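Some notes on the structure that comes next.
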Amino acid sequence: DAKTTQPPSMDCAEGRAANLPCNHSTISGNEYVYWYRQIHSQGPQYIIHGLKNNETNEMASLIITEDRKSSTLILPHATLRDTAVYYCIVRVVNTGNQFYFGTGTSLTVIP
Amino acid sequence: DGGITQSPKYLFRKEGQNVTLSCEQNLNHDAMYWYRQDPGQGLRLIYYSQIVNDFQKGDIAEGYSVSREKKESFPLTVTSAQKNPTAFYLCASSTSSGIKVDTQYFGPGTRLTVL
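Just so you know, the sequences run in chain order A and B.
45 is the number of the first residue of the first sequence in the working numbering; add one for each residue after it.
-9 is the number of the first residue of the second sequence in the working numbering; add one for each residue after it.
In structure tokens form, the structure reads like this:
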């Protein structure tokens, strides 16, 4: 029972920033937002997570709105290897640490 | 080189046969998970284990069985009772299932095809 809404697909030009939106309007105060990505026929790869503050690591930045009802994953300089399905997940605690993966956003980076 | 290994990457079986998928991790993680992914779909949880000798059913446990005799190993058996076993199977592990901030790390997956 996914608690997030993402566009099914997006394109991005190589070298440009890719901004992937996610809506999670029913998020609870103690739930974190996680982002994973999955390249075709591989296991999902962890990207980043956050609670309410913006976060940045070597892969991406995560911007969470003040009301926490939506977030944006930013890949600052997209490369062809960033072509993948990106999953936005709201962590449901106390349910065996289950991560509910929806259908995600299929990002295609165009040369 | 730490990580999660799944073997084999591709597996073919005849209908009606049980088959066991391997998952091993050397990350010293307490919790392990099995997910199933069908084409164009997200992941669905089959079973998870928070500690050795203990495991719980996920959303789609029917037709599957697991064991957790060792911390580093969590094999999944797809039994003949599973109506539609052809799928991509993913194993994951995490430090603990009892804390809020916890990241799951995934193996490369096993693609099972039942003929």
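Yeah, the Cβ is synthetic: ideal placement off N, Cα and C, and Gly gets one too.
This one's a predicted model, so the numbers in the text were calculated from it and none came from an experiment.
Query	Result
How long is the line joining the alpha carbons of residue 138 of chain B and residue 74 of chain B, rounded to whole angstroms?	Limits of chain B in this structure are -9 at one end and 105 at the other, which puts residue 138 of chain B out of reach.
Grab me the residues of residue 148 of chain A's own chain with a C-beta within less than 7 angstroms of its C-beta, minus the 5 sequence neighbours each way, in chain order.	50, 129, 130, 131
Check whether the Cβ atoms of residue 76 of chain B and residue 56 of chain B sit closer than 7 angstroms, and answer yes or no.	no
Which parts of the segment 88 to 127 of chain A are runs of the beta strand (DSSP E), unbroken and 3 residues or longer, counting only runs that do not cross its ends?	89 to 94, 105 to 108, 114 to 119
Rounded to whole angstroms, how far is the Cβ of residue 63 of chain A from the Cβ of residue 118 of chain A, which I believe are closer than 8 angstroms?	5 angstroms
Going along the chain, which residues of its own chain have a beta-carbon closer than 7 angstroms to the beta-carbon of residue 27 of chain B, five neighbours each way excluded?	33, 77, 78, 80
DSSP has residue 77 of chain B in a bridge; who is on the other side?	B/102
Counting only the same chain and skipping the five closest in sequence on each side, list residues whose C-beta sits under 6 angstroms from that of residue 56 of chain A.	62, 122, 153
By the 10 Å Cβ neighbour count, where 16 or more other Cβ atoms means buried, how is residue 115 of chain A classified, buried or exposed?	buried
Taking 7 angstroms as the cut-off, decide whether the C-beta atoms of residue 48 of chain B and residue 36 of chain B are in contact.	yes
Just to confirm, are residue 93 of chain A and residue 78 of chain A a CB contact at a threshold of 7 angstroms?	yes
Anything in the segment 87 to 116 of chain A with a Cβ closer than 9 angstroms to a Cβ of chain B? List those residues in chain order, please.	87, 88, 89, 90, 93, 95
If we define contact as Cβ-Cβ less than 7 angstroms, is residue 149 of chain A a contact residue for chain B?	no
What residues in its chain sit with their C-beta under 8 angstroms from that of residue 42 of chain B, if we drop five residues either side in the sequence?	58, 59, 60, 61
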